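With our numbering applied, the sequence shown covers 295 to 857. Just so it is clear, CB atoms sit at the ideal spot from N, CA and C, and this is done for glycine as well. Here the structure is a predicted model, which is why all the values come from computation and not from measurement. Worksheet: one structure, shown below.
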Amino acid sequence: MPPVPTAAPEPTDPSRPGAGDRPAGPVDLLSPPAPARLGDVVPAPERVTPRPGADFTLTAEAVIRVSAADAARAVGGQLAALLRPATGYPLPVTDAARPEPAGGIALALVDAEDLGPEGYRLDVTPAGVRIEAATAAGLFHGVQTLRQLLPPAVESRKPVAGHWVLPGGSVTDRPRFAYRGTMLDVARHFFGVPDVLRVIDHMARYKLNHLHLHLTDDQGWRIAVDSWPRLATVGGASEVGGGPGGHYTRDDYQRIVAYAAERHVTVVPEIDLPGHTHAALTAYGELAPDGIAPPPYTGTAVGFSYVDPTSERTYEFVADVLGEVAGLTPGPWLHIGGDEAFKVHPEAYAAFVERAQRLVAGTGKTVVGWHQIAPAGHAGGRVLQWWGTDGEDTVTADAVRRGARLVLSPANHAYLDMKYAPDTPIGHDWAGLIDVRRAYDWDPGAHLAGVPAEAVLGVEAPLWTESVTSLAEVEFMLFPRLPAIAELGWSPRAKHDWAGFRERLAGHGPRWTTAGIAFHPSPEIPWPAEPPAPAGSPTPRAAVPAQPGSGQTQAATPATPSA
Ligand code: TNX
Numbered sequence: 295m296p297p298v299p300t301a302a303p304e305p306t307d308p309s310r311p312g313a314g315d316r317p318a319g320p321v322d323l324l325s326p327p328a329p330a331r332l333g334d335v336v337p338a339p340e341r342v343t344p345r346p347g348a349d350f351t352l353t354a355e356a357v358i359r360v361s362a363a364d365a366a367r368a369v370g371g372q373l374a375a376l377l378r379p380a381t382g383y384p385l386p387v388t389d390a391a392r393p394e395p396a397g398g399i400a401l402a403l404v405d406a407e408d409l410g411p412e413g414y415r416l417d418v419t420p421a422g423v424r425i426e427a428a429t430a431a432g433l434f435h436g437v438q439t440l441r442q443l444l445p446p447a448v449e450s451r452k453p454v455a456g457h458w459v460l461p462g463g464s465v466t467d468r469p470r471f472a473y474r475g476t477m478l479d480v481a482r483h484f485f486g487v488p489d490v491l492r493v494i495d496h497m498a499r500y501k502l503n504h505l506h507l508h509l510t511d512d513q514g515w516r517i518a519v520d521s522w523p524r525l526a527t528v529g530g531a532s533e534v535g536g537g538p539g540g541h542y543t544r545d546d547y548q549r550i551v552a553y554a555a556e557r558h559v560t561v562v563p564e565i566d567l568p569g570h571t572h573a574a575l576t577a578y579g580e581l582a583p584d585g586i587a588p589p590p591y592t593g594t595a596v597g598f599s600y601v602d603p604t605s606e607r608t609y610e611f612v613a614d615v616l617g618e619v620a621g622l623t624p625g626p627w628l629h630i631g632g633d634e635a636f637k638v639h640p641e642a643y644a645a646f647v648e649r650a651q652r653l654v655a656g657t658g659k660t661v662v663g664w665h666q667i668a669p670a671g672h673a674g675g676r677v678l679q680w681w682g683t684d685g686e687d688t689v690t691a692d693a694v695r696r697g698a699r700l701v702l703s704p705a706n707h708a709y710l711d712m713k714y715a716p717d718t719p720i721g722h723d724w725a726g727l728i729d730v731r732r733a734y735d736w737d738p739g740a741h742l743a744g745v746p747a748e749a750v751l752g753v754e755a756p757l758w759t760e761s762v763t764s765l766a767e768v769e770f771m772l773f774p775r776l777p778a779i780a781e782l783g784w785s786p787r788a789k790h791d792w793a794g795f796r797e798r799l800a801g802h803g804p805r806w807t808t809a810g811i812a813f814h815p816s817p818e819i820p821w822p823a824e825p826p827a828p829a830g831s832p833t834p835r836a837a838v839p840a841q842p843g844s845g846q847t848q849a850a851t852p853a854t855p856s857a
């Protein structure tokens, strides 16, 4: 297992995020602005009712009282683990038949159909905080809201002399879409387990609930498959630029899946087929159309490789791989890629996809594929992931009429490997520049012509990693755009409002800085710049400073993923 990172990797190239001179602009993002307001939450909650004068102050005597059920106890433990480091309070977790705040925090599992599988209600009164939900996932999302209502210093991993005030009022909240995701491409550059766990932590903050892992591509095969062992050991031994690559053992992958599940995140594994398979061919030449294993590929071209769609051996490989990956994955989805198989004739391609879809069905999972699989015949419940750059595609709309559902990842809004601006040191621009406003200003429910909102399962922000080489660079590309996409996935359409979003998001800069999360201090966001810390507000003594001489990235010491 790779070592747990103890510091953001120091970029050696001075033009990369985390290096270079500090630009003019926001200075001390650690200084807390005014105490959080109830409406400052990202993603914006469905309903917020502030009650001025009803604030609650968390003290050292507070107890976390939870419903007497394992699911609630688990969330209580997670809440305590979030709050203990900065507050230094003991925050014992106890259960009760009907948990009440009583000067602390209550997490109550209740029969509340109106809240759905992920919603919650949160009340802050002078007597404490009460979160109720019908499920553990709902309680967990409520805890993320509670976290944002405390001062940014709560993100410190060391005790801070604090005044832990929460604004009075109530929040009732549910997601707009069931699928709210992020994709991490671990194939172009490999990211070890600790990095992936930290991305899961980032997702959980913003109520994202699906982690799509792009596990295979031309440059690397990243998951161990017992029946085809050389896929990982040979196919995983390199990456873009010729670095050593790597792969997840079955244990590694199960650790990721379990960590995600504890945070109510479902892992969606992708085995990209029939194209993007060069790494597999380096390991097993018998799968190649010419039967010869090629040398590893460390460049960034796409569309040149494919497994032989006319060979029965190919389908044995596909069945074995999908069967093993399905067996390791508790979630309902299996992503078969399907993008950019430019060298496979359309008829052979459709036949291949239909066969792969049947193999997925045989594992008990539901197919997900990039929208190129649209022309293939329908398979029960299948999901197409849209990555096009205009809002019209009759082939995809037709597949939706035949029963497909859509996850929206329009490359010109949701591709987090695109640069923010022309001078962004890493990233692409083939789908345009994506600043925070561009990431935010679109409606997943009405994006694709001929696709009704009911056919939209949700949204996903993919991060391709041809140019992304470290955790600090991953974070730099995710923040602050990931919270923008998260809000599109969670908040009701009526709450979408760029002017309000940029104001709410601004208060998150100090949170990220305190948590050691690298981010792009986008000039579109009015980051709090100056201290005037009100008397009695927390002194972020232990907060992590930006790296000396750091550039656009507020890179600091990443904490170990939370326990
Ligand atoms: C297109 S969009 C790809 C990826 C690249 C990405 C770079 C899609 C399904 N495939 O293979 O990494 O562009 O932006």
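inquiry  = Please report the distance separating the alpha-carbon of Leu772 from that of Ala498.
reply    = Indexing the sequence shown from 1 puts residue 772 at position 478. Indexing the sequence shown from 1 puts residue 498 at position 204. If you take the alpha carbons of Leu772 and Ala498, they lie about 13 Å apart.
query = Using a threshold of 7 Å, is the CB atom of Tyr709 nearer than that to any non-hydrogen atom of the ligand TNX?
reply = For the purposes of this step, residue 709 is taken as the residue at position 415 of the sequence shown. It does: the Cβ of Tyr709 is within 7 Å (strictly closer) of some heavy atom of the ligand TNX.
request  = Please name the residue in Pro379, Val387, Leu409, Ala595 whose C-alpha comes closest to that of Ala400.
outcome  = Here the question's residue 400 lines up with position 106 in the sequence shown. For the residues Pro379, Val387, Leu409, Ala595, the minimum Cα distance to Ala400 belongs to Val387.
message = I need the straight-line Cα distance from His457 to Leu373, nearest angstrom please.
response = As a working note, residue 457 is residue 163 in the sequence shown. As a working note, residue 373 is residue 79 in the sequence shown. If I take the Cα positions, the gap works out to 18 Å.
query = Which residues in the same chain have their Cβ closer than 6 Å to the Cβ of Thr429, if we skip the five residues on either side of it in sequence?
reply = Position 135 of the sequence shown holds residue 429. Correct list, in chain order: Pro411.
message = Tell me which residues share the same chain as His707 and place their Cβ nearer than 7 Å to its Cβ, disregarding the 5 neighbours each side in the sequence.
response = As a position in the sequence shown, residue 707 is number 413, starting the count at 1. Contacts found: Ile728, Arg732, Ala733, Trp736.
inquiry  = Mapping the DSSP letters down to three states, classify Ile811 as helix, strand or coil.
reply    = For this step, residue 811 is matched to residue 517 along the sequence shown. If DSSP states are grouped into helix, strand and coil, Ile811 belongs with coil.
query = To which residues of the same chain is Ala402 closer than 6 Å at the C-beta, ignoring the five residues directly before and after it?
reply = In the sequence shown, counting from the first residue as 1, residue 402 sits at position 108. Only Ser361, Pro393, Glu426 meet the Cβ criterion.
inquiry  = Here's a check: name, in chain order, each residue in its chain whose Cβ is nearer than 7 Å to the Cβ of Thr353, leaving out the five neighbours to either side.
reply    = Numbered from its first residue, the sequence shown carries residue 353 at position 59. Nothing meets the Cβ criterion.
inquiry  = Measuring straight from C-alpha to C-alpha, what distance separates Tyr542 and Leu782?
reply    = For the purposes of this step, residue 542 is taken as the residue at position 248 of the sequence shown. For the purposes of this step, residue 782 is taken as the residue at position 488 of the sequence shown. Straight-line Cα distance between these residues: approximately 32 Å.
key: Cut-off 6 Å between Cβ atoms - residues of its own chain near Leu416, not counting five sequence neighbours on either side   = The count along the sequence shown starts at 1 and reaches residue 416 at position 122. Within the same chain, Leu416 has close Cβ partners Ile425, Gly436, Thr439, Val465.
Among Asp405, Ala574, Lys501, Glu634, the one whose alpha carbon lies nearest that of Ala481 = What you label residue 481 is simply residue 187 of the sequence shown in a count that begins at 1. Selected option, being the one with the closest Cα: Ala574.
task = Rounded to whole angstroms, what's the CA-CA distance from Arg798 to Ala375? Just pull it up for me.
result = Counted from its first residue, the sequence shown places residue 798 at position 504. Counted from its first residue, the sequence shown places residue 375 at position 81. Answer to the nearest angstrom: the Cα atoms are 25 Å apart.
CA-to-CA distance, Thr683 to Val753, given in whole angstroms = Reading the sequence shown from its first residue, position 459 is the one you call residue 753. Reading the sequence shown from its first residue, position 389 is the one you call residue 683. The alpha-carbon atoms of Val753 and Thr683 are separated by roughly 15 Å.
message = Taking the beta carbon of Ala784 as the centre, do at least 16 other beta carbons fall within 10 Å, making it buried, or is it exposed?
response = In the sequence shown, the residue the question calls residue 784 occupies position 490. The sequence given here has Trp at residue 784, not Ala. Under this definition Trp784 is a buried residue.
query = Which term fits Thr343, buried or exposed, when burial requires 16 or more other beta carbons within 10 angstroms of its beta carbon?
reply = Position 49 of the sequence shown, counted from the start, is the residue given in the question as residue 343. Answer is exposed; the Cβ neighbour count stays below 16.
query = Hey, is the segment 595-603 in contact with the segment 692-699, meaning 3+ C-beta pairs nearer than 8 Å?
reply = no
inquiry  = For the ligand TNX, is there any heavy atom lying closer than 7 Å to the beta carbon of Glu634?
reply    = Your numbering for residue 634 matches position 340 in the sequence shown. Yes, since a heavy atom of the ligand TNX falls inside the 7 Å radius drawn around the Cβ of Glu634.
ask   = Do Val612 and Leu678 come within 8 Å of each other at the CB atom, strictly closer than that value?
value = Taking the sequence shown and counting its residues from 1, the one referred to as residue 678 is at position 384. Taking the sequence shown and counting its residues from 1, the one referred to as residue 612 is at position 318. In this structure, Val612 does not lie closer than 8 Å to Leu678 by Cβ.
key: Cβ separation of Gln651 and Ala673, assumed to be a contact under 8 Å, to the nearest whole Å   = If you number the sequence shown from 1, residue 651 lands on position 357. If you number the sequence shown from 1, residue 673 lands on position 379. Right, their Cβ atoms sit about 4 Å apart.
C-alpha distance - Pro826 paired with Pro488, whole-angstrom precision = Against the sequence shown, residue 826 aligns to sequence position 532. Against the sequence shown, residue 488 aligns to sequence position 194. Residue confidence for Pro826 is low, a pLDDT of 40 falling below 50, so the modelled location carries little weight and cannot support an answer.
Arg451 versus Val418: straight-line alpha-carbon distance, rounded = Here residue 451 refers to the residue found at position 157 when the sequence shown is read from its first residue. Here residue 418 refers to the residue found at position 124 when the sequence shown is read from its first residue. About 25 Å.
query = Which ranges would you report for the beta strand (DSSP E) in the segment 772-805 if only whole runs of at least 3 residues count?
reply = none
ask   = Which first and last residues belong to the alpha helix (DSSP H) in which Ala555 is found?
value = Locating residue 555 in the sequence shown gives position 261, where the first residue counts as 1. Here the alpha helix (DSSP H) through Ala555 covers 544-556.
key: Sequence ranges, alpha helix (DSSP H) only - wholly within the segment 329-383, length at least 4   = 364-381
ask   = If you count every other CB in all the chains shown that lies within 10 Å of the CB of Arg557, and 16 or more means buried, which is it?
value = As a first step, residue 557 must be located in the sequence shown, where it is residue number 263. Arg557 should be labelled buried.
ask   = What residues in its chain sit with their C-beta under 8 Å from that of Ala318, if we drop five residues either side in the sequence?
value = Here residue 318 corresponds to residue number 24 of the sequence shown, with the count starting at 1. Note that Ala318 scores 32 on pLDDT, short of 50, meaning its location in the model is unreliable and no value can be drawn from it.
task = Answer yes or no: the CB of His874 versus the heavy atoms of the ligand TNX, is any distance below 7 Å?
result = The requested residue 874 is not part of the displayed model; the chain covers only 295 to 857.
inquiry  = Which residue marks the beginning of the beta strand (DSSP E) containing Asp389, and which one marks its end?
reply    = Here residue 389 refers to the residue found at position 95 when the sequence shown is read from its first residue. Note, Asp389: beta strand (DSSP E), 387-390.
task = Tell me whether Trp515 counts as near the ligand TNX, meaning its Cβ is closer than 7 Å to at least one heavy atom of that ligand.
result = As a position in the sequence shown, residue 515 is number 221, starting the count at 1. False, no ligand heavy atom lies under 7 Å from that Cβ.
query = Going straight from the alpha carbon of Gly530 to that of Phe485, what length do you get?
reply = Taking the first residue of the sequence shown as 1, we reach residue 530 at position 236. Taking the first residue of the sequence shown as 1, we reach residue 485 at position 191. When rounded, the distance between both Cα atoms is 12 Å.
ask   = Does the Cβ of Gly803 have 16 or more other Cβ atoms within 10 Å, making it buried, or fewer, making it exposed?
value = Counting from one through the sequence shown, the residue named residue 803 turns up at place 509. Classification for Gly803: buried.
request  = Assuming Ala366 and Pro395 form a contact by the criterion Cβ under 8 Å, report the distance between their Cβ atoms to the nearest whole angstrom.
outcome  = The residue you call residue 366 lines up with position 72 of the sequence shown. The residue you call residue 395 lines up with position 101 of the sequence shown. Incorrect: roughly 14 Å between the Cβ atoms, too far for contact.
ask   = Grouping DSSP H, G and I as helix and E and B as strand, with all else coil, what is Glu394?
value = Working through the sequence shown from its first residue, we reach residue 394 at position 100. Coil at Glu394, not helix or strand.
ask   = Between which two residues does the alpha helix (DSSP H) harbouring Ile494 extend?
value = Within the sequence shown, the letter at position 200 stands for residue 494. Residues 487-499.
key: For Tyr734, the first and last residue of its enclosing alpha helix (DSSP H)   = Counted from its first residue, the sequence shown places residue 734 at position 440. 730-734 is the extent of the alpha helix (DSSP H) around Tyr734.
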